[in-house]
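Asker: Below: one structure in structure tokens.
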Amino acid sequence: MSTTLIVGILLIGAALWELIPLLQDLYNLRLLTLKQKQTAKLLLQKKNQGIFLNRLYKSADDYQPKEVRTVQLLDDLEYSLGWKRLAYLDFLEDEQAIIFRVTKGLPQKYLDFVHEVYHDRIDIGSLAGGRAISTKQPLIVNNWTQDPHLKHISFMSEYGHVISFGAFPIVSSLTTYGSLHVYGGSAGMFKLNEVQFFTTVANSLAAILEHDEFCYERR
Numbered sequence: 017m018s019t020t021l022i023v024g025i026l027l028i029g030a031a032l033w034e035l036i037p038l039l040q041d042l043y044n045l046r047l048l049t050l051k052q053k054q055t056a057k058l059l060l061q062k063k064n065q066g067i068f069l070n071r072l073y074k075s076a077d078d079y080q081p082k083e084v085r086t087v088q089l090l091d092d093l094e095y096s097l098g099w100k101r102l103a104y105l106d107f108l109e110d111e112q113a114i115i116f117r118v119t120k121g122l123p124q125k126y127l128d129f130v131h132e133v134y135h136d137r138i139d140i141g142s143l144a145g146g147r148a149i150s151t152k153q154p155l156i157v158n159n160w161t162q163d164p165h166l167k168h169i170s171f172m173s174e175y176g177h178v179i180s181f182g183a184f185p186i187v188s189s190l191t192t193y194g195s196l197h198v199y200g201g202s203a204g205m206f207k208l209n210e211v212q213f214f215t216t217v218a219n220s221l222a223a224i225l226e227h228d229e230f231c232y233e234r235r
């Protein structure tokens, strides 16, 4: 190998070595940009969630029947925050069961399945919604196509593009009203922020429903 070629290789190597800090800076800048975008997205999400909750709290000033209030809640979750597959399930205390009262965007095959297998009534402790109410704790399924306990409804991912799921019990200090079900189109949609938000929605709805009952009794 000639001296000229060796010198050329060394010069190229030195030049590339000098580029390493620049490339590292560009990489760090890209990571920073991605992080900034994620932060901005989260801040916007929290802002919209705050607006939603503020509107929900203000709605408590006027009495509304439970059927009307729950329909409005699901509509607002869709139009304001983009959650398209939702359900409100009523708790039937005498039967210790829950029933789909209001649904939005759910595959008909799933509703038919609930009707055929459970006769529209899901026992407390059965399925995700029933377990959420029995424990009075949110129940999150990040990917129910991989959950062995939910294989019987894995078809949801095929017919309704539903993969993740959250059940949030609606329970006040005195009354168990039901459960708010939220369905996601991809795995892992229920991160800490979503779980906290929907838990707040469910708890707020329980307090508002209790207030509605009090107002109705005083009429």
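Per this note's numbering, residue 17 is the first one in the sequence shown, and the count goes up by one each step. Glycine is no exception: its CB is placed at the ideal position from the N, C-alpha and C atoms. Nothing here was measured: the structure is a model prediction, and the numbers come from that model.
Please name the residue, chosen from 70, 180, 234, that lies closest to residue 159 on a Cα-to-Cα basis.
Answerer: It is 180 whose Cα lies nearest to the Cα of residue 159.
Asker: Rounded to a whole number of angstroms, what is the C-alpha to C-alpha distance between residue 223 and residue 128?
Answerer: Going from the Cα of residue 223 to the Cα of residue 128 covers about 32 Å.
Asker: In the DSSP assignment, the beta strand (DSSP E) including residue 189 goes from what residue to what residue?
Answerer: First-last for residue 189: undefined, no H or E at that position.
Asker: Give the C-beta separation of residue 183 and residue 155 to the nearest angstrom, bearing in mind that I take them to be a contact with Cβ-Cβ under 8 Å.
Answerer: Indeed, because the Cβ distance is near 5 Å, the residues count as touching under 8 Å.
Asker: State the Cα-Cα distance for the pair residue 220 and residue 137, rounded to the nearest angstrom.
Answerer: Between residue 220 and residue 137, the C-alpha separation is close to 25 Å.
Asker: Could you tell me whether the Cβ atoms of residue 79 and residue 232 are closer together than 8 Å?
Answerer: Yes, they are a contact pair.
Asker: What's the gap between the Cα of residue 217 and the Cα of residue 66?
Answerer: When rounded, the distance between both Cα atoms is 11 Å.
Asker: Hey, how far is the Cα of residue 178 from the Cα of residue 228?
Answerer: Each residue's Cα considered, the two are about 33 Å apart.
Asker: Measure the alpha-carbon distance for residue 157 versus residue 125 and round it to whole angstroms.
Answerer: In a straight line, the C-alpha of residue 157 is about 20 Å away from that of residue 125.
Asker: DSSP puts residue 135 in a beta bridge; with which residues?
Answerer: Bridge partners of residue 135: none, in fact.
Asker: Applying the criterion that 16 or more other CB atoms from any shown protein chain within 10 Å of the CB defines a buried residue, is residue 22 buried or exposed?
Answerer: Low confidence applies here, because residue 22 scores a pLDDT of 40, under 50, leaving its location unreliable and the question unanswered by this model.
Asker: Extract the residue ranges of the alpha helix (DSSP H) inside the stretch 86 to 153, only unbroken runs of 4 or more that lie entirely within it.
Answerer: The stretch 86 to 153 contains these whole alpha helix (DSSP H) runs: 124 to 134, 143 to 151.
Asker: Going by C-alpha to C-alpha distance, which of 189, 72, 82 sits closest to residue 92?
Answerer: Looking at the Cα atoms, 72 is the closest of the given residues.
Asker: CB residue 143 to CB residue 118, shorter than 8 Å?
Answerer: Their beta carbons are not under 8 Å apart, which means residue 143 does not touch residue 118 by this criterion.
Asker: Quickly, what does DSSP pair residue 197 with across the bridge? List them, please.
Answerer: Answer is 103, 183.
Asker: What did DSSP end up calling residue 240 once you bin it into helix, strand or coil?
Answerer: A query on residue 240 cannot be resolved here, the shown segment of the chain reaching from 17 to 235 and no further.
Asker: In angstroms with no decimal places, state the Cα-to-Cα distance between residue 110 and residue 139.
Answerer: Rounded to whole angstroms, residue 110 to residue 139 spans 11 Å at the Cα level.
Asker: Looking at C-alpha atoms only, which residue of 122, 201, 106 is the closest neighbour of residue 116?
Answerer: For the residues 122, 201, 106, the minimum Cα distance to residue 116 belongs to 106.
Asker: Use the C-beta contact count for residue 131: other C-beta atoms within 10 angstroms, 16 or more gives buried, fewer gives exposed.
Answerer: It is exposed - the Cβ of residue 131 has fewer than 16 other Cβ atoms within 10 Å.
Asker: Give the secondary structure of residue 178 by DSSP, where H, G and I count as helix, E and B as strand, and everything else as coil.
Answerer: Three-state result, residue 178: coil.
Asker: Between the beta-carbon of residue 190 and the beta-carbon of residue 104, is there less than 8 Å?
Answerer: Cβ atoms of residue 190 and residue 104: not closer than 8 Å.
Asker: Please state if the CB of residue 198 and the CB of residue 280 are separated by a distance shorter than 8 Å.
Answerer: The chain is shown only over 17 to 235; residue 280 falls outside these bounds and no answer can be derived.
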